[in-house]
Structures are given as C-alpha cells and as structure tokens.
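A.B. asks:
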Amino acid sequence: MEIHDERIGNTFVVTAKGRLDGGASAAFAEKVGALITSEKPKLLLDFAGVDFVTSAGLRAVLVLVKKVKAAGGSFALCAVQEPVREVLDITGFTDMLRIHAARAEAIAAMGG
Amino acid sequence: MTAPMQFESATVPTPEAVVALTENVTQFLEEHGVDMRAVHHTSLVLSEVLTNLATHGGCCDRPARIVIAVEPGRVMGEITDSGPPFDPRSAPEPSLDVAIEDRPIGGLGLFLVRKLTSALEYTRRNDENSLTFAITRGGNRDPDRSGRETVT
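Chains as they are written, first to last, in numbering that gives the first Met the number 0: chain A, 0 to 111; chain B, 0 to 151.
Now the structure itself:
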C-alpha cells in the first residue's frame with residue numbers, strides 16, 4: 000500500500016492507495032499514527048485509491064480513531080469506494096465516523 | 000475454447016499467499032464476467048477466512064484447498080483445511096452499537112464473512128473443516144444496509 004501525507008491548513012491529509020489488509024495494516028497504523036503528535040489533531044484519510052479493506056484494515060482505522068479521540072482531535076474519511084463503503088456500513092463504522100464524499104468538502108467541514 | 004469455470008488452489012495461508020490468491024481469484028472472476036461487487040466480496044471472504052485460519056486455526060504450515068466456481072446467479076466457494084474443528088458461523092457477534100472509544104479491536108472478520116455471503120455452510124469430515132459459501136452475482140444492497148444481498 001502506498002501512503003502519502005500532507006498538511007492542508009491545520010489538517011493532516013493522508014492519501015492511501017491499494018489494499019488495506021493484514022499485510023499493510025500495521026505499517027499503515029504506525030505511519031499515520033506518527034502524525035498524531037499535537038493536541039486536538041485533525042486527521043483526514045482520503046480513501047479514493049483504496050479498493051480493498053479487510054477486518055485487519057478496519058482495526059488499523061479504529062486504532063487511529065481512538066488515538067485521535069484520546070488527543071481531543073477530529074477524524075474523518077473521504078472519497079470511499081463503494082465496495083469499501085459497504086464494508087464500513089456492515090461493520091457499523093459509517094455510524095461512528097464522519098465520511099465525506101470528497102476531500103475539499105471534508106477539509107471544509109473539519110475547519111481547515 | 001471456453002475457459003474452465005472453476006478455479007482451484009492449494010494455499011498455505013501466509014499473508015503474502017493470501018494476497019496472491021485473492022488477486023488470482025479476482026482475475027478469474029473478472030474474466031468470467033462477474034460483477035465488481037461480487038468479485039470484491041468473494042476476495043474479502045477468502046481473505047478473512049484464510050487469515051483467520053492462519054491466526055487461530057494453527058495450520059499456517061499446511062495448505063488449505065480453495066475451489067471457486069462461477070454459476071449463473073452466484074459465485075460458489077469452498078475452503079477445506081486440516082486444522083482443528085472450527086465452525087466460523089459460531090463466532091460471537093461483535094458489538095456494533097457501542098461508542099467508538101469502547102469498541103473492541105477485532106472480531107469483525109468472521110462477522111463480515113457471515114454478512115457478505117448469501118449462504119454459508121460448515122461440515123467436519125475426514126478430520127477436515129469444509130466451509131462452503133455463496134455470493135450473489137449482480138446483487139444490490141438492502142436498504143437497511145445489513146449487507147445481505149437482493150437480486151433484481
């Protein structure tokens with residue numbers, strides 16, 4: 000899985016590409032988790048390029064959500080592909096997370 | 000000449016082998032005109048069952064046999080392994096309605112398997128576990144988002 004991160008305003012935007020599965024999830028959680036160093040971090044995961052998320056990938060997302068929440072920050076996903084969205088729906092993640100259709104909309108909603 | 004409608008593999012469920020298997024199955028299903036959603040669900044079910052086998056089944060050193068068949072209305076799959084008896088249908092349901100801070104990390108893999116399949120059967124025979132599953136082709140999502148498929 001390819002992971003790219005950038006800072007837009009006060010929001011860390013992580014663009015992931017490929018499969019978020021058992022082989023990739025630990026490195027993903029570690030690399031993205033390392034961005035969460037400040038108080039009230041804002042973290043946006045852009046999943047436009049993610050076509051496969053297993054339960055191991057969901058666990059990595061949950062680890063990150065918990066870390067952001069523990070620091071009093073905000074977390075969102077955007078541009079989730081339909082099969083992945085279905086997995087998020089089935090597992091109740093959609094009800095727990097903020098999921099935006101597009102990156103610009105997500106950044107605006109998170110306050111930049 | 001028509002390509003065979005059945006895919007067979009013997010896979011030791013290491014993470015790398017599971018990725019390679021799902022890529023091969025994806026290619027096989029796409030070549031047979033299976034819709035993207037059914038292809039995705041088949042790959043995910045295989046990935047979850049085999050990963051669970053490697054983690055909990057104690058048979059990471061022994062290959063599991065996988066058969067995938069394309070039928071007119073569905074994709075059928077069978078996974079056979081020689082690990083200790085385990086019925087994936089009996090795994091406890093995860094708590095989905097608790098606050099995010101309180102959600103346990105884990106327990107979602109076999110839950111997904113149950114939700115993504117339209118049929119799921121387990122048999123123990125000849126000291127082997129046999130799990131068969133069906134994934135509906137061309138299915139739509141239920142409005143209640145339960146993940147069960149409906150055919151239009």
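The beta-carbon is built from N, C-alpha and C at its ideal position, and this holds for glycine as well. Note that the coordinates shown come from a computational prediction; the quantities given were computed from them, not determined experimentally.
(1) Name the DSSP bridge partner or partners of E77 of chain B?
(2) Would you mind sorting P82 of chain A into buried or exposed? The rule is 16 or more other CB atoms within 10 Å of its CB.
(3) If we call anything under 8 Å between Cβ atoms a contact, is L42 of chain A one with G22 of chain A?
(4) Report the neighbours of E5 of chain A on chain B: residues whose CB is nearer than 7 Å to its CB, in chain order.
(5) Which residues mark the beginning and the end of the beta strand (DSSP E) in which N125 of chain B is found?
(6) If the cut-off is 8 Å on Cβ atoms, which residues from the stretch 6-24 of chain A count as contacting chain B, listed in chain order?
(7) For my contact list, V17 of chain B and T50 of chain B are in at a C-beta cut-off of 8 Å; report their separation, rounded to the angstrom.
(8) Is the CB of D60 of chain B under 8 Å away from at least one CB in chain A?
(9) Leaving aside the five residues before and after F51 of chain A along the sequence, list all residues of the same chain whose C-beta is less than 6 Å from its C-beta, in chain order.
(10) Between the C-alpha atoms of A100 of chain A and K68 of chain A, what's the straight-line distance to the nearest angstrom?
(11) Give me whichever residues DSSP pairs with Q5 of chain B in a beta bridge.
(12) Counting contacts by CB-CB distance shorter than 8 Å, is M35 of chain B in contact with chain A?
(13) Do I65 of chain B and S8 of chain B come within 8 Å of each other at the CB atom, strictly closer than that value?
(14) Which first and last residues belong to the alpha helix (DSSP H) in which N51 of chain B is found?
(15) List, in order along the chain, the chain A residues whose C-beta lies closer than 9 Å to that of T50 of chain B?
(16) In chain B, which residues lie less than 8 Å from T90 of chain A when you measure between Cβ atoms?
(17) So that I know if they touch, is there some Cβ in chain B lying closer than 8 Å to that of L76 of chain A?
C.D. replies: Let me spell this out:
(1) Answer is B:V66 and B:T131, bridged to E77 of chain B.
(2) P82 of chain A is buried by the Cβ-count criterion.
(3) No, they are not a contact pair.
(4) The contacting residues do not exist; E5 of chain A stays about 25 Å from chain B at best.
(5) From DSSP, N125 of chain B is part of no beta strand (DSSP E); its letter is neither H nor E.
(6) Listed by position along the chain: R18, D20, G21 and G22.
(7) Rounded to the nearest angstrom, the Cβ distance from V17 of chain B to T50 of chain B is 6 Å, consistent with a contact under 8 Å.
(8) For D60 of chain B, the answer is no, since every Cβ of chain A falls outside 8 Å of its Cβ.
(9) Excluding residues within five positions, the ones whose Cβ falls inside 6 Å are R18.
(10) Their Cα atoms are separated by approximately 22 Å.
(11) In the DSSP output, where bridge partners are listed per residue, Q5 of chain B has B:A68.
(12) Chain A, which has a Cβ nearer than 8 Å to the Cβ of M35 of chain B, makes this yes.
(13) Contact flag set, yes.
(14) N51 of chain B: member of the alpha helix (DSSP H) spanning M35 to H55, first to last residue.
(15) Near T50 of chain B (Cβ distances below 9 Å), the residues of chain A are D20, G21, T53, S54 and A55.
(16) Within chain B, the residues whose beta carbon sits less than 8 Å from that of T90 of chain A are P93, L95, L107, F110 and L111, listed in sequence order.
(17) Cβ-Cβ to chain B under 8 Å: no for L76 of chain A.
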